[in-house]
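Have a look at the structure below, then the notes.
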Amino acid sequence: MAVFGIVAEYNPFHNGHAYQINKIKQSGNHAVVVVMSPNVVQRGDFAMLSKWTRAQAALLCGADLVIELPSSFALATAERFAYGAVKCLDLLGCVDFLCFGSESGNIDNLTAAANLSDDDAVRSDMKKLLSEGMTFAKARSLAVSNQNSDAALSLCNPNDILAVEYIKSLKKFNSKIKPYPILRKGVEHNSDEVCENIASASYIRQNFDLEKVKNFVPQKAFELYENAVKNGEKSKGIKELESALILKLRTMSKEQIAELPDISEGLENRIMRASKESASFEELCEKIKTKRYTLSRIRRILMYALLDFSKDMMTNDIPYLRVLGHNGKGLELLGLKTAEVPVISSLARAREIGDAAKKFAQTEEKIGDVYSLTLKNKKNTKNEFSTPVIRL
Numbered sequence: 027m028a029v030f031g032i033v034a035e036y037n038p039f040h041n042g043h044a045y046q047i048n049k050i051k052q053s054g055n056h057a058v059v060v061v062m063s064p065n066v067v068q069r070g071d072f073a074m075l076s077k078w079t080r081a082q083a084a085l086l087c088g089a090d091l092v093i094e095l096p097s098s099f100a101l102a103t104a105e106r107f108a109y110g111a112v113k114c115l116d117l118l119g120c121v122d123f124l125c126f127g128s129e130s131g132n133i134d135n136l137t138a139a140a141n142l143s144d145d146d147a148v149r150s151d152m153k154k155l156l157s158e159g160m161t162f163a164k165a166r167s168l169a170v171s172n173q174n175s176d177a178a179l180s181l182c183n184p185n186d187i188l189a190v191e192y193i194k195s196l197k198k199f200n201s202k203i204k205p206y207p208i209l210r211k212g213v214e215h216n217s218d219e220v221c222e223n224i225a226s227a228s229y230i231r232q233n234f235d236l237e238k239v240k241n242f243v244p245q246k247a248f249e250l251y252e253n254a255v256k257n258g259e260k261s262k263g264i265k266e267l268e269s270a271l272i273l274k275l276r277t278m279s280k281e282q283i284a285e286l287p288d289i290s291e292g293l294e295n296r297i298m299r300a301s302k303e304s305a306s307f308e309e310l311c312e313k314i315k316t317k318r319y320t321l322s323r324i325r326r327i328l329m330y331a332l333l334d335f336s337k338d339m340m341t342n343d344i345p346y347l348r349v350l351g352h353n354g355k356g357l358e359l360l361g362l363k364t365a366e367v368p369v370i371s372s373l374a375r376a377r378e379i380g381d382a383a384k385k386f387a388q389t390e391e392k393i394g395d396v397y398s399l400t401l402k403n404k405k406n407t408k409n410e411f412s413t414p415v416i417r418l
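Each residue of the sequence shown is one higher than the one before, starting from 27 at the first, in the working numbering.
Encoded structure:
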């Protein structure tokens, strides 16, 4: 039996995700470990459904073990997101392959792009392009293209870009885990089109009427989503808290905004000015956004402000692995005791590990409380310290 790792947000879990797990299971009696984003996601928002609902959906649809990606990695750049997720899999100590969806499916080009991203000549070209106001993604693609045009193609598509970051992280850790791409089936990432029974997660989020999305998600997952909607547990996202966010920004000093993660080159001035001129989240983003600063980056920074993230939080490493759920096979993996850091099922255990773990736990607790305010049923707060692990 081989152990395959998957990095995912499952926001929400859909047929494309089930396809990936099924492809792994069809190749043998393999185990699937998922490192999954918690109640915040990389694009700078709250997850549509809670991590407990999404973890249970994954387990019901073929995953064997679901581990939480700490929020300071989940709500971060692609590089840090990938670093944290791959580190979780590496620390577990029993994962053989990292499986990811890929638009190209070309492991040679993906590996070449990963290697060139750390090349001195590429870095030099990137520095020049960035100084001209180009976004990081475009600057890197052009700089890599100067060395290897085929490799640069792997830096033009969302899943391939993440794949490159995964491979870079595996190399950084000198990990024994091998990359395992699966050609992406059906629609493109963030596509507003559908293909048979496959739709992107963004399409499902934007069209989340239960009858409209029923054909695009596995039946077992659909039943969970139906129950979540019935109980008022579907998140309305950061827009639900836009007044609280604008209030927070208006009461912060320029120096406090400058201390938020990912702030550079006077961006704090634009944020401060925009907060006083905006009445909605969308207006706030539009007034801050520039050619250099992407919308996703702006959204993440605004989430940092709302959730009191500091720059030092984005430099801490992973102090523990938190299990959200497992089945029998997942329990067997945990029984191997190969993990290099403590494996916990409750954040109460994190308090005993050390100061770094305690701070991580406090952050997850705060986010859980704030997340509940984005739900229709705002009283439905799942306690981060007492909610039990999902066992199938």
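Positions of the beta carbon are idealized from the N, C-alpha and C atoms, including for glycine. Computed from a predicted structure; not experimentally measured.
Per DSSP, what kind of secondary structure is residue i in: helix, strand or coil?
i, result
"K405", "coil"
"Y346", "coil"
"S228", "helix"
"S261", "strand"
"C87", "coil"
"C221", "strand"
"T137", "helix"
"I379", "coil"
"T79", "helix"
"K315", "coil"
"C114", "helix"
"Y109", "helix"
"Y36", "coil"
"Q173", "coil"
State the beta-bridge partners of residue i as determined by DSSP.
i, result
"F30", "V58, F123"
"V369", "L347"
"P207", "F126"
"I416", "G351"
"V92", "V60, G351"
"V66", "F72"
Among the options, which one has its Cα closest to the Cα of residue i?
i, options, result
"T161", "F386, I297, L321, Q68", "L321"
"D336", "E410, A102, L95", "With the sequence shown as reference, residue 336 is identified as Ser, and Asp is not the correct amino acid for it. Here the closest residue by C-alpha is A102."
"N200", "F72, K355, K113", "K113"
"E237", "K246, K265, E252", "E252"
"L359", "I50, Y45, V59", "V59"
"L401", "P38, N55, A73, L115", "A73"
"L196", "V255, C125, M152, L209", "C125"
"L209", "Y45, L399, P414", "Y45"
Ordered along the chain, which non-local residues of its own chain (more than five positions away) have a Cβ less than 8 Å from that of residue i?
i, result
"F123", "A28, V29, F30, G31, I203, K204, P205, Y206"
Excluding five sequence neighbours on each side, which residues of the same chain lie with their C-beta closer than 7 Å to the C-beta of residue i?
i, result
"L168", "L155"
"V190", "L136, A139, A140, S143, S180, L181"
"G110", "L95, P96, F99, I344"
Can you name, in chain order, every residue of its own chain whose Cβ lies under 6 Å from the Cβ of residue i, other than the five neighbours on each side?
i, result
"K362", "Looking at the sequence provided, one finds Leu at residue 362 rather than Lys. Here the set comprises C120."
"I297", "I283, I314"
"P368", "Y346, I379"
Between residue i and chain B, is there a C-beta pair that is closer than 7 Å?
i, result
"G356", "Within the model displayed, chain B is absent; a lone protein chain is all it includes."
Checklist entry - Counting pairs of beta carbons, one from the stretch 329–345 and one from the stretch 365–381, are three or more of them closer than 8 Å? => result yes
Checklist entry - Are the stretch 161–174 and the stretch 66–83 touching, with three or more C-beta to C-beta distances below 8 Å? => result no
Next on the checklist: Pairs of beta-carbons, one from the stretch 276–286 and one from the stretch 252–266, closer than 8 Å: are there three or more?
Outcome noted: no
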